[in-house]
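In my numbering, the protein residues as written are 268 to 378.
Cβ atoms here follow ideal geometry from the backbone N, Cα and C, with glycine treated the same way.
Heads up: the structure comes next, in structure tokens.
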């Protein structure tokens with residue numbers, strides 16, 4: 268018979284994990300927390316929206332920026348050097364690409 272799960276086994280921790288990365292312009296430490304199941308659903312809603320075309324057919328609109336805005340705001344809890352949310356959203360492309368690697372790829376078929 269399987270053991271009974273505890274609440275902590277079933278829920279995402281609020282703790283953040285520190286990652287130190289090398290960017291093209293220097294070292295950056297980033298503290299990242301996981302997304303819960305519902306937050307992944309919310310992230311998906313920031314990524315894909317549906318709209319109707321002239322014939323009434325539903326067309327998907329993909330917004331990678333909306334997804335990354337959501338993830339950066341929800342998952343990054345601290346940085347060193349200390350960056351505000353506005354600064355995180357204004358990272359140089361080569362720095363943002365390195366930070367992006369800290370996040371697991373989301374399986375959109377099973378968010």
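- Going by DSSP, residue 315 is part of the beta strand (DSSP E) stretching over 315-319.
- Secondary structure at residue 323: coil, using DSSP grouped into helix, strand and coil.
- Listed in chain order, the alpha helix (DSSP H) elements of length 4 or more contained wholly in the stretch 273-304 are 274-277.
- A residue is called buried when at least 16 other Cβ atoms come within 10 angstroms of its Cβ; residue 343 meets this threshold and is buried.
- Per the C-alpha coordinates, the member of 268, 300, 272, 269 positioned closest to residue 279 is 300.
- With respect to the C-alpha of residue 283, the residue from 297, 334, 313 having the closest C-alpha is 297.
- The way I'd put it, the stretch 345-365 doesn't touch the stretch 307-318; fewer than three beta-carbon pairs between them come closer than 8 Å.
- Burial of residue 335 is indicated by the presence of at least 16 other C-beta atoms within 10 angstroms of its C-beta.
- Secondary structure at residue 368: coil, using DSSP grouped into helix, strand and coil.
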